[in-house]
Every structure is written in C-alpha cells, then in structure tokens.
Amino acid sequence: MSSKAPEHLRDEGTRSQVVLAGAVSGLVSRFCIAPLDVLKIRLQLSASSLSDPLSHGLSRHPTGVLALARDIFHHEGITGFWKGNIPAEGLYLSYGAAQFLAYRSTSQAIEDFTESRGYRVPGAIKSFTSGAAAGLVATTVTYPLDLLRTRFAAQGTERVYDGLVASVREITRNEGFTGFFRGLSAGVSQVVPYMGLFFAFYEGLKTPLSTVSLPFGSGDAVAGITASILSKSAVYPLDTVRKRLQIQGPSRTKYIGGAKIPVYDQGVLKTLAQIAGREGIKGLYRGLTVSLFKAAPASAVTMWTYERAIHLMMEAPVSVLEDRE
765 MSSKAPEHLR
775 DEGTRSQVVL
785 AGAVSGLVSR
795 FCIAPLDVLK
805 IRLQLSASSL
815 SDPLSHGLSR
825 HPTGVLALAR
835 DIFHHEGITG
845 FWKGNIPAEG
855 LYLSYGAAQF
865 LAYRSTSQAI
875 EDFTESRGYR
885 VPGAIKSFTS
895 GAAAGLVATT
905 VTYPLDLLRT
915 RFAAQGTERV
925 YDGLVASVRE
935 ITRNEGFTGF
945 FRGLSAGVSQ
955 VVPYMGLFFA
965 FYEGLKTPLS
975 TVSLPFGSGD
985 AVAGITASIL
995 SKSAVYPLDT
1005 VRKRLQIQGP
1015 SRTKYIGGAK
1025 IPVYDQGVLK
1035 TLAQIAGREG
1045 IKGLYRGLTV
1055 SLFKAAPASA
1065 VTMWTYERAI
1075 HLMMEAPVSV
1085 LEDRE
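So the mapping is simple: this note's numbering equals the position in the sequence shown, first residue as 1, plus 764.
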C-alpha cells in the first residue's frame, strides 16, 4: 500500500490482506449456517399455508421449522441441508472478498476526497455509503452464484439439475445469459439499504461494545449480531421477492413450492404487491425467524473471523500479502 495512505487507515491492512480476510470470513460463515439457509429458502418458496405440501413426492406436510427439518432429513438425508453448498461456498467466499474490498476502498476514497477539501463526513454517513457501495458491487458480481445456490437448495427429491456444470449449461441454453440474473433488481434493492444499515449499525456499536468481556475476546460478535438483526428485518420482504424471482423460468414447477408460485414478470414492486395480495403481509416474511437465526451467527462469525484474520496477517513477522508500491 502506498506510503501516502492516511495514517488512520494503516491499521486496516493492505488490499490483499483485506481480500483474503474477507474471503476466509465468508467461507467459514457459509459452512456454519448452510442448514439454516436451506430451511429459510424452502420456507420462502412456500407460497401458501405451511400446512400444505411443500414439494412433489413428500408424504409429510411440514407445519413448522422443526417439522420441515425432520422432513428434509427423512427424505433427503443429512446432505439435504447442504444442497447448493458448492455454489454457495463460491458465493460467500467471493462475496466476502468483494464486500470488504469495496467497503474499504469506498471508505478510503470518501476520506481522501473530503480531507483534501478540509472537512470530514460524519461517521454514520460514511459507513452507510461505504456499506451500500460494498453491497451493490458484491451482489452484482456474485449474483449468478446466488441464483444457483437458491435453485439447488430448492430441489427436493426431484432433481432439476444433475450437477453444477449441467445447471450452467441448461440455464445458458434455455434462459440465456440474463437467466443468471433473474431477480437482480430485487437483490440490489435489498442489499444496498441492508449493507448500508448493517455497516452503519456495526461501526456505531463496535466501539462502545469493545470493552464487553466475551469468550471470543471482544464485542465484535455482539455488534455483528445486533447490526444484522436490525438491518435484516428492515429489508426482508425484498429477500423473499428475490428468492421467488430466482426460480422463475422453464423449470419453475419442479422446485419445492414452485407449483404454487405464480409467474412474476412485472417487476419488484408488482411482485411485492402480488405476494401481499395473494398471501397477506405474512407471505413477505416467511422464514424471517429462521433468517434472523441464520443472519445473527453468520454476521457474528463473518465479522469475528474477518477481524481475527486481518489481525493475524498484520501481526505476521513477514507478510507475503503486502502491497507493493
């Protein structure tokens, strides 16, 4: 990193260190919360009462999260909770790297721009703007992996794709390049305010919680959990819309819940209105409880792993990831 970098950013690591720490944090986080992610997606794709069958070929009718978990285990085995894990690991790894790099780069750009003009941007505004930019960049770059993760997680006992390579080939052939970006507008509409709020809450809470005594050694985990719950709840309906849009296409009826999901082809706002009109407001919040249980540990693990990874790399006697002039 250039020797001209602002002094207050020197303790945040080099670009390479930030990318690696972000990637590691995403990878670890994904492995820990994969089962909850599958449960959340299945619930979001339940377009009617949970007392109705959620897929073809299931003899049981799950009526809640625990019943759904038992049903997956009974019909699909323990591996059913890690469906879509390969594209999801790629998603979390690349998303984490892109997110932290974009966040750091935007924060530094804002500070360089404002300090050269003799004024400073309030911390909350800088955090919100940097977080929103990080979410926008990371979501757009990694969206095809997000779509594949959703489609594999939505597969029940009836397989839609024979594998990752086959899925890419079939989507390209049947839906074209744009098929990999179904629901991107909902994803961007969700992630920009989500990441903006998340980083604003996180940065605001990290300092006052830094003195909290925890087994992990700091208040990073608590700040991450609180920030995640608040921001996730605010934008959750858009996440439901994104999941519904991601399974649109020629194979829609083959996914769990897909037969009950209508065709959505009139944009994000119209889809929101359709879901609310057909299923009530609660339809927009299906799986929120599981999502919060997922988001809290995911964010805590992500932020804790990131802080530890960047610290370890910076404390190393000789860094092979140090940026050159």
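For each residue, glycine too, the CB sits at the ideal point set by N, CA and C.
| Query | Result |
| --- | --- |
| Inter-residue spacing [alpha-carbon to alpha-carbon] between R722 and E875 | There is simply no residue 722 to check, as the chain begins at 765 and stops at 1089 in what is shown. |
| Where the alpha helix (DSSP H) containing V956 begins and where it ends | L948 to K970 |
| 7 Å Cβ cutoff met for K847 and V1054 | no |
| Residue nearest to S858 in terms of C-alpha spacing, selected from Q872, G895 and V905 | V905 |
| For V932, the first and last residue of its enclosing alpha helix (DSSP H) | L928 to E939 |
| Outcome for L809 when other beta-carbon atoms lying within 10 angstroms are tallied against a minimum of 16 | buried |
| For A811, three-class secondary structure by DSSP | coil |
| Coil, strand or helix - A918 by DSSP | coil |
| Beta-carbon spacing of A811, K1007 below 7 Å | no |
| Residues near F965 in its chain [Cβ-Cβ closer than 7 Å; skip 5 each side] | T990, A991, L994 and S995 |
| Supposed close pair G1047, A1037 - CB separation, criterion 8 Å | Not quite, the Cβ-Cβ distance comes to about 11 Å (not below 8 Å), so this is no contact. |
| Contacts around R754, its chain only, beta-carbon distance under 6 Å, and the 5 residues preceding and following it disregarded | Nothing about residue 754 can be read from this structure; the chain reaches only from 765 to 1089. |
| Cβ-Cβ distance between V999 and Q954 below 7 Å | yes |
| Local conformation of K1024 per DSSP, three classes | helix |
| Secondary structure of Y925, DSSP reduced to three states | coil |
| CA-to-CA distance, Y1028 to R1016, given in whole angstroms | 11 Å |
| Residue interval of the alpha helix (DSSP H) (run including R884) | That residue, R884, is in no alpha helix (DSSP H); it is neither H nor E in DSSP. |
| E840 versus E1079: straight-line alpha-carbon distance, rounded | 45 Å |
| For S894, the nearest candidate out of L784, S871, Y907 and T878 (CA to CA) | S871 |
| Supposed contact pair F845 and P799 - C-beta distance, whole angstroms, cut 8 Å | 4 Å |
| Rounded distance between the beta-carbons of A785 and A1073, thought under 8 Å | 4 Å |
| Reduced DSSP category for P908 - H, G, I as helix; E, B as strand; rest coil | helix |
| Straight-line gap, G777 to A930 (C-alpha atoms, nearest Å) | 40 Å |
| Rounded straight-line distance, which links the Cα of I889 to that of G968 | 11 Å |
| Y856 vs G920 beta-carbon contact at 7 Å | no |
| C-beta contact flag for T903 and G960 at 7 Å | no |
| Straight-line Cα distance separating Y907 from L948 | 7 Å |
| Neighbourhood of G943 by C-beta distance below 7 Å, restricted to the same chain and skipping five residues each side | I935 and G1013 |
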